[in-house]
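J.:
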Amino acid sequence: MATDPRVYSFIGVKPMSDLELATMTEKGLPLASIDRLKRHGLSFTEIADVVISPRTLKHRKARREPLSSVETERVVRVARIVELAKQVFGSREKALLWLRSPDDRLNRRTPMQMLVNEPGGRLIENLLWQVDEGIYS
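This is the structure:
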């Protein structure tokens, strides 16, 4: 499955292919990707809980280092899921509301909290497809 081109507005670079995105992820995205997540509506707390701790971010900024490959992977995952939720719900506001709402299917965790790792991201992606198909609301 090719990455949705709208995801690139979250990360600040536009790879020519999924292979190039994978290579960029290995090298790490620039710290500006964190600011882009904020501009797309993510809160400081959500970024700290899902992508990078404030302390680590502060150290990366001081050293002028890019995000690590793990942090970059999280940025890409969050961008992909937020964009998919936006498509499913029709607006960024509705998408973020759904991503921030505790869900019984997730043991009262929010979909956003599940994005800290790839299995959680896949779970949320599947829930979004179910919502889109009318299986869940």
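Residue 742 in the numbering used here sits at position 31 of the sequence shown; the count goes up by one each step and never skips. Think of the CB as a built atom: it goes at the ideal place given N, C-alpha and C, for glycine as much as any other residue. Values in this document were obtained by computation on a predicted structure and should not be read as measured data.
(1) Is it buried or exposed for PHE721, if we count other Cβ within 10 angstroms and need 16 for buried?
(2) For ARG766, which of helix, strand or coil comes out of DSSP?
(3) Cβ atoms of GLY739 and PRO777: under 8 Å apart, would you say?
(4) Could you tell me the alpha carbon to alpha carbon distance between GLN798 and GLU737, rounded to whole angstroms?
(5) Count the other CB atoms within 10 Å of the CB of ILE846; is the residue buried (16 or more) or exposed (fewer)?
(6) Report the three-state DSSP secondary structure of ARG820 (helix, strand or coil).
(7) Flag this pair as touching only if the region 767-781 and the region 803-819 have three or more C-beta atom pairs under 8 Å; answer yes or no.
(8) With a threshold of 16 other CB atoms inside 10 Å of the CB of ARG833, please say whether the residue is buried or exposed.
T.: So, from the data block:
(1) buried
(2) helix
(3) yes
(4) 28 Å
(5) exposed
(6) strand
(7) no
(8) exposed
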